[in-house]
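In mature numbering (1 follows the signal peptide of the UniProt record, and there is no 0), the protein residues as written are -24 to -1, 1 to 784.
All C-beta atoms, glycine included, are put in the ideal place defined by N, C-alpha and C.
Only one structure is covered here, and it is reproduced in the block below.
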């Protein structure tokens, strides 16, 4: 792994500062350079290729294409937004770095073509974020005819104030289209003056023998400039079809439907260049093709001829850096696994997007939402049915996403997992993302668990799931990243090439700026998600440290992240959830370490006391001696507290989040459960629910058997910690770690090799990927798992390594 994993505390503080809102003057030069290099990006992950800046109300661009050999399939095969089941044989970034660019390949089997998009940035060419370029290539697939006819559309739209107009087109021929490059001039307050050039490109163009062929030469580029409602700019595909229909209707009127021109001529936009807030640029090719898009800021004068060299340098640089940061360890040090690892990570980091818009929130604070009465789930359903939600915002969010075709938006529960591999690559980028999430926090400390910002994001979410509720929590996985940074801070010196230095006073200022936000959310969790100990005569070390997720129904607990995982058969206000108590333990541990680093001794002492109480209550409230497992608790008909035991991920949370002492006998029972083939162990990873549970594979079977990579990552990571410790269970943990790591990596690899995709979950019996396609969010944690040491090859160092948390 890279030296970037090892960061002293002083460096951690500076990096935290760079993500904070009150930067010291000494850091301002770096912050501007960093923000410039991150301003532009492929920040529209919901489309196959779209470039925009991290600015609200700004320039957005996108790509569309289709096969135009027949009339019947064109409309359904016009690609724009990423969709499941669209005839793809795989697609995604082969290499990507948000600061530099990368290469994406789209294997469009349905249209018989492979599309390559190469994107590179020139942050030092011009001000206001610099310039960039993209090269678009198309090559017919092996099964396609060599004279495959394709139409390709690039568009540029402008939200908000500013101007965008066709500036200069070489060889103008108004009726048929244009020869040469298409140049668009633009201006906004944030970007200043700029030019966007779409080059003529190379490739053959189809020729028509139809009597009307002279009306539209396919070797001409067509441009349609339009003024449409700003809220509809993201629907560029609809605007394009409106223009195509104008042309088609004219042909029908002139030639009749029986004597229409061929599809490649009919499916062309009207040529109408000029002013507008969207400009649609269409080219039609026969066989392979290539053209460039160049964005040149101010007087930068970037030319298409400069792209080739930059593309080579960027791809070479990313490949070299990946070998240092995320190179797989044995037994995965082969070209096939390295390609696999690079693909997963590139798609994870290439899935970072910038989102801006309003979201729907119910702030009615209805008393039913307190969930204090028996039958509360029916009361809360009635409260939700009153539809008291309102639009709030606008908000903005810089985040990675779980899946481009199905979940192209921010998920709080997912994001902490996403950032685990990303923090190894670019710490400052990671902290900008973390800060972006905390900037969406309200005054009480609540962060919306699903960020659905604007109509484009809402278009992919069923209406019943669009509303966010300020009393609903989600696992606080962003604190994983803070703990990782604290781990780095205690280890080796920072890499020599890292350019940043800071004074102690700066470091304290930076950490102090972030700390209140973290504390606010911590206090919100303790206030809103607390469980009831006293009312049911529960015996526990602490009368306060117990927790219950709000948002429960009879069949689901979406707020926990493990939607349909079995809980008590009937919801009860006296329920206690072991996974939430474990999350609170992790949260408290991180807050204690941060308070210690900031020399906040009173806070650190309070956190230490709470952490002890949580660990003691974990055993007192949730350990079942009968089942030898951690379990939820509920209240029976006699008002007595009883355990609800469904062995699986829920019962492993105290282990996964590092809350079991390595000398504790309970650890041995947990490891036995993990390794039991009749319970959780499968050849493809740890099952979500025990194979022996009566509800295994029942109902939706979402979290009731499948293998999930994020949970398996936590298991693998903690097995490694135990294996490296002096625990009496170290030997068993080492064997489980070694076997699970291999099984999990090979499962994801074989499915990726077969289908071209990473998947949301994996079948524990067959290893096949299932549910959501192109799930390159937390499934990409396989990259980190591959980078973990091979203990069979001497991966356990001679010096015993004890995790930092044991020192607390």
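Simplified DSSP state of residue i, which is helix, strand or coil
| i | result |
| --- | --- |
| residue 544 | coil |
| residue 686 | helix |
| residue 789 | The structure shown has nothing for residue 789, since the chain only spans -24 to 784. |
| residue 679 | coil |
| residue 154 | strand |
| residue 422 | coil |
| residue 43 | strand |
| residue 202 | strand |
| residue 376 | coil |
| residue 161 | strand |
| residue 766 | coil |
| residue 295 | helix |
| residue 749 | strand |
| residue 75 | coil |
| residue 437 | coil |
| residue 81 | strand |
| residue 638 | coil |
| residue 495 | helix |
C-beta contact flag for residue i and residue j at 9 Å
| i | j | result |
| --- | --- | --- |
| residue 104 | residue 279 | no |
| residue 86 | residue 53 | yes |
| residue 758 | residue 685 | yes |
| residue 99 | residue 210 | no |
| residue 653 | residue 628 | no |
| residue 153 | residue 266 | no |
| residue 382 | residue 425 | no |
| residue 752 | residue 360 | no |
| residue 396 | residue 625 | no |
| residue 70 | residue 77 | no |
| residue 353 | residue 529 | yes |
| residue 246 | residue 56 | no |
| residue 218 | residue 47 | no |
| residue 617 | residue 463 | no |
| residue 494 | residue 373 | no |
| residue 197 | residue 254 | no |
Same chain only: Cβ atoms within 7 Å of residue i, ignoring 5 sequence neighbours per side
| i | result |
| --- | --- |
| residue 447 | 345, 504, 526 |
| residue 500 | 420, 421, 422 |
| residue 672 | 665, 666, 680, 681 |
| residue 240 | 44, 125, 127, 182, 194, 260 |
| residue 515 | 596 |
Contacting residues, own chain, Cβ-Cβ under 6 Å from residue i (five flanking each side not counted)
| i | result |
| --- | --- |
| residue 749 | 60, 733 |
| residue 695 | 709, 712, 713 |
| residue 102 | 273, 274, 276 |
| residue 794 | The first residue shown for the chain is -24 and the last is 784, placing residue 794 beyond what the model contains. |
| residue 414 | 493 |
Alpha carbon of residue i to alpha carbon of residue j, nearest angstrom
| i | j | result |
| --- | --- | --- |
| residue 745 | residue 737 | 6 Å |
| residue -4 | residue 488 | Residue placement at residue -4 is flagged as unreliable, the pLDDT there being 36, under the threshold of 50; a coordinate-derived value is accordingly withheld. |
| residue 200 | residue 42 | 18 Å |
| residue 166 | residue 88 | 40 Å |
| residue 698 | residue 291 | 39 Å |
| residue 410 | residue 536 | 20 Å |
| residue 660 | residue 14 | 38 Å |
| residue 468 | residue 766 | The predicted model places residue 468 with a pLDDT of 42, which falls under 50 and marks its position as unreliable, so this point remains unresolved. |
| residue 456 | residue 299 | 24 Å |
| residue 436 | residue 443 | 14 Å |
| residue 454 | residue 539 | 20 Å |
| residue 357 | residue 428 | 21 Å |
| residue 470 | residue 398 | Any reading at residue 470 must be qualified, since the residue scores a pLDDT of 41, below 50, and its modelled position is unreliable; the value itself is stated next. If you take the alpha carbons of residue 470 and residue 398, they lie about 17 Å apart. |
| residue 768 | residue 306 | 9 Å |
| residue 222 | residue 83 | 31 Å |
| residue 434 | residue 329 | 15 Å |
| residue 405 | residue 412 | 11 Å |
| residue 401 | residue 322 | 11 Å |
Cβ-heavy atom distance, residue i to the ligand MN, below 8 Å
| i | result |
| --- | --- |
| residue 339 | This structure lacks the ligand MN; in fact it carries no ligand of any kind. |
Own chain partners of residue i with C-beta closer than 8 Å, once the 5 adjacent residues on each side are dropped
| i | result |
| --- | --- |
| residue 692 | 713, 716, 717, 720, 761, 764 |
> Which parts of the stretch 703 to 747 are runs of the alpha helix (DSSP H), unbroken and 4 residues or longer, counting only runs that do not cross its ends?
Replying inline: 706 to 731
>> List, from N- to C-terminal side, the alpha helix (DSSP H) runs of 4 residues or more that fit wholly inside the stretch 505 to 582.
In response: 554 to 573
> Hey, which unbroken runs of the beta strand (DSSP E) at 3 residues or more fall wholly within the stretch 93 to 155?
Replying inline: 107 to 116, 125 to 134, 139 to 145
>> List, from N- to C-terminal side, the alpha helix (DSSP H) runs of 4 residues or more that fit wholly inside the stretch 339 to 378.
In response: 352 to 361
> Whole beta strand (DSSP E) runs in the stretch 234 to 313 with 3 or more residues, listed along the chain?
Replying inline: 254 to 273
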